[in-house]
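To start, the structure itself, in structure tokens.
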Amino acid sequence: MRKTIVAGNWKMNASKESVNNLIGGLLSGMGGVATEVIVCAPFPYLSQVESLISGSSIMLGAQNLNANPKGAFTGEVSANMIKDFGAQHVIVGHSERRSLYGETSAVVAEKTKAALDADLTPLLCVGESLEERESGNTEAVVEKQINAVINLLGIDAFDGIIIAYEPVWAIGTGLTATPEQAQSVHLFIRNLLAGSNERIAQKTPILYGGSMNAGNAADLMSCSDIDGGLIGGAALKADDFLQICKAG
Ligand code: PEP
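The sequence shown maps to residues 1 to 248 in my numbering.
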């Protein structure tokens, strides 16, 4: 039985005041939430969130990391630094990192390795663009993105990885994949993992991300291979995010 996980990706949206309000709202509404809850904060706010969620069941994540453990990489942040602030998770390969910052699947695989080496759980994002979907290449794209990690780290690494299937055309657009569209890709991913290791395939959480909100979360998460959500916009409002957590 896989656990249901709901993770919030705040992206580059935060201030000290908004973080206080958002975490305060989440903490006061966590009663009745059975899902595992993760909030992925921008780096400068990790410490603040670490303090605010202390003693609660909410877990902390970062949104990116550098693949190197330390050294002359001005402006970058390592896995151990993220760990130092109590985070247990880190997003790798978000489509915004892939498209805006040129992160290739090879780079994403290296970042996944760096996270695992530091005992952080990577939230490995994969997903196709609209053009790739319309040209019938969704499965090929997702397979290539996942194989980059399998080829570098081996299938056993997925014992410590959470996958997030995020169709690029659904991120921040208000266009959500239908439960059928999402379930079909989630099943494809699970079968892909099963080709190397059935046990790992059955236990790996595969989250859906892309305009998930309080209105569509329950339908998406009721699909047999959708194990939760990675939430952008709707993670910035405590009530909306809590409703999604409760739908899981
Ligand atoms: C995301 O950024 O991972 C995401 C899913 O965003 P949104 O929910 O806003 O589409």
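Glycine included, every Cβ here is placed at the ideal spot set by N, Cα and C.
These numbers come from a predicted model, not from an experiment.
Item to check | Spatial distance of residue 186 from residue 201 (CA atoms) | outcome: 11 Å
Checklist entry - By how many angstroms is the C-alpha of residue 39 removed from the C-alpha of residue 30? => result If you take the alpha carbons of residue 30 and residue 39, they lie about 13 Å apart.
Next on the checklist: Any heavy atom of the ligand PEP closer than 7 Å to the beta-carbon of residue 12?
Outcome noted: no
Next on the checklist: Per the DSSP calculation, residue 89 is bridged to which residue(s)?
Outcome noted: Paired residue(s): 61 and 121.
Checklist entry - Beta carbon of residue 230: closer than 7 Å to some heavy atom of the ligand PEP? => result yes
Item to check | residue 155 versus residue 17 - alpha carbon distance | outcome: Rounded to the nearest angstrom, the two C-alpha atoms are 42 Å apart.
Next on the checklist: According to DSSP, is residue 72 part of a helix, a strand, or is it coil?
Outcome noted: In this structure, residue 72 counts as coil in the three-state DSSP scheme.
Checklist entry - According to DSSP, which residues form a beta bridge with residue 230? => result 7 and 209
Checklist entry - Hey, which unbroken runs of the alpha helix (DSSP H) at 4 residues or more fall wholly within the region 94-121? => result DSSP runs (the alpha helix (DSSP H)) wholly in the region 94-121: 95-100 and 105-117.
Next on the checklist: Within a Cβ cutoff of 7 Å, which residues of the same chain sit near residue 265, ignoring the five residues on either side of it in sequence?
Outcome noted: Any property of residue 265 remains undetermined from this structure, which presents the chain solely from 1 to 248.
Next on the checklist: Only counting the same chain, and skipping five residues up and downstream in sequence, which positions put a Cβ closer than 8 Å to that of residue 112?
Outcome noted: 92, 93, 122, 124, 149, 152, 153, 157 and 161
Checklist entry - Between 205, 243 and 142, which lies nearest to residue 216 when the distance is taken from Cα to Cα? => result 243
Checklist entry - What distance in whole Å lies between the Cβ atoms of residue 131 and residue 86, which are believed to be in contact at a cut-off of 8 Å? => result Not a contact, Cβ separation roughly 40 Å.
Item to check | Local conformation of residue 37 per DSSP, three classes | outcome: strand
Checklist entry - Less than 8 Å separating the beta-carbons of residue 126 and residue 145? => result yes
Item to check | Close Cβ partners of residue 42 (< 7 Å) along its chain, the five nearest in sequence each way excluded | outcome: 10, 12, 14 and 63
Next on the checklist: Shorter than 7 Å, the distance from the beta carbon of residue 196 to the closest heavy atom of the ligand PEP, or not?
Outcome noted: no
Item to check | residue 118 to residue 223 span [Cα, whole Å] | outcome: 32 Å
Item to check | Under the three-state DSSP convention, the category residue 162 falls into | outcome: strand
Checklist entry - Pick from 74, 147 and 229: whose alpha carbon is nearest that of residue 109? => result Comparing Cα-Cα distances from residue 109 to each of 74, 147 and 229, the minimum goes to 147.
Checklist entry - Do residue 5 and residue 227 come within 8 Å of each other at the CB atom, strictly closer than that value? => result yes
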